[in-house]
Each structure stands twice: as structure tokens, then as C-alpha cells.
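For the sequence shown, position 117 (counting from the first letter as 1) is numbered 193 according to the working numbering, and the numbering increases by one without interruption. Glycine included, every Cβ here is placed at the ideal spot set by N, Cα and C. Note that the coordinates shown come from a computational prediction; the quantities given were computed from them, not determined experimentally.
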Amino acid sequence: MIIATGGVNRHNGIIEGREFRRLLIERDVPDSVIRYEDQSADTWQNVEFSRELIREALSLGLQVTAVSKWYHRRAIHVLRTLLPEVGPFHAISWEPMYAGELVTRDRWPGIPDGRRRVIREWEEVSRRLIDGSFQAVNISDGAWTLSMG
């Protein structure tokens, strides 16, 4: 099962969940295995509005893998915070493009849009861990789990 998430992208007007679904179908992924939500406005809502879909996957005995931009640690924390019943899960990342430049783990400091976004993400996650609005996580045996201390 694949769960695509995302409402209207504020930069280009695309309804992300619907677009991801369309791209998957275009690449011969059967529609019957795709679920999507198309109302969320941010990462928190991506998970919040997909909770029942994720619970459906769990009820089928499926393991969860989150897919996000490589620096988007917030997605990991939100999933853990809103759905602790997921248990250990994996994450796959991809490299976004901003202003026509691929923002990689090596090049981000030299790309203004990349630098701004990576630093903002780090600050947001750090702040929310301190204020308790995000659950702390760590990697154990290759999977994200709740921190134990």
C-alpha cells in the first residue's frame, strides 16, 4: 500500500496527494494499492489526515516507510508523535530542487534556498523537541524508534 499525502502546494498550486497518485498510476502502480489524502497544508496535517490510512496498513500487517526530502526530519518526528503504535519504521529520502539547483547533502550550504530550508528545518525540530511537541526518536537496527531516555 502506498499513501500519498498533500493538499495545495502554495508555490505551484498542485494538489500534491492527487498528483502523486496520478504519477504512480502513470507508472503502472495499481490504483487498488494507492491511498491518498489531498487536504493537508503542512507536515503535521499530512500525518494527521492520513492516520486512518496508516492504521489500515498496520491492520494488514504492513510495515511503514516514510518518504520525504533528505533533510525533512520533521516528518519522522510527526509520524512518531501522532502514531506511536506504528512501532519501528524506516525512512527513504530524496533530493529536492530549488531555484533549479539540486539540494544534496553535500551541496546544500552553497545553495541559498537549500541552506535556508535545511537550517530552518534543524531549528524547527530542535525547538519542538525542547518544548515537547515532538517525540524524540533514534535509529535502532536501521529503523526509527522512540528514544528511551
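Reducing DSSP to helix, strand and coil, say where residue 101 ends up.
helix
For residue 151, the first and last residue of its enclosing alpha helix (DSSP H):
149–158
Between the beta-carbon of residue 77 and the beta-carbon of residue 167, is there less than 8 Å?
no
Could you tell me which of 199, 94, 212, 118 sits nearest to residue 107, measuring between CA atoms?
94
If you draw a straight line from the C-alpha of residue 193 to the C-alpha of residue 156, how long is it?
22 Å
Can you confirm whether the stretch 127–142 touches the stretch 97–106 when touching is taken to mean that 3 or more C-beta pairs between the two stretches lie within less than 8 Å?
Contact fails between the stretch 97–106 and the stretch 127–142, because fewer than three Cβ pairs, one in each stretch, are under 8 Å apart.
Smallest Cα separation from residue 219: which of 127, 162, 191?
162
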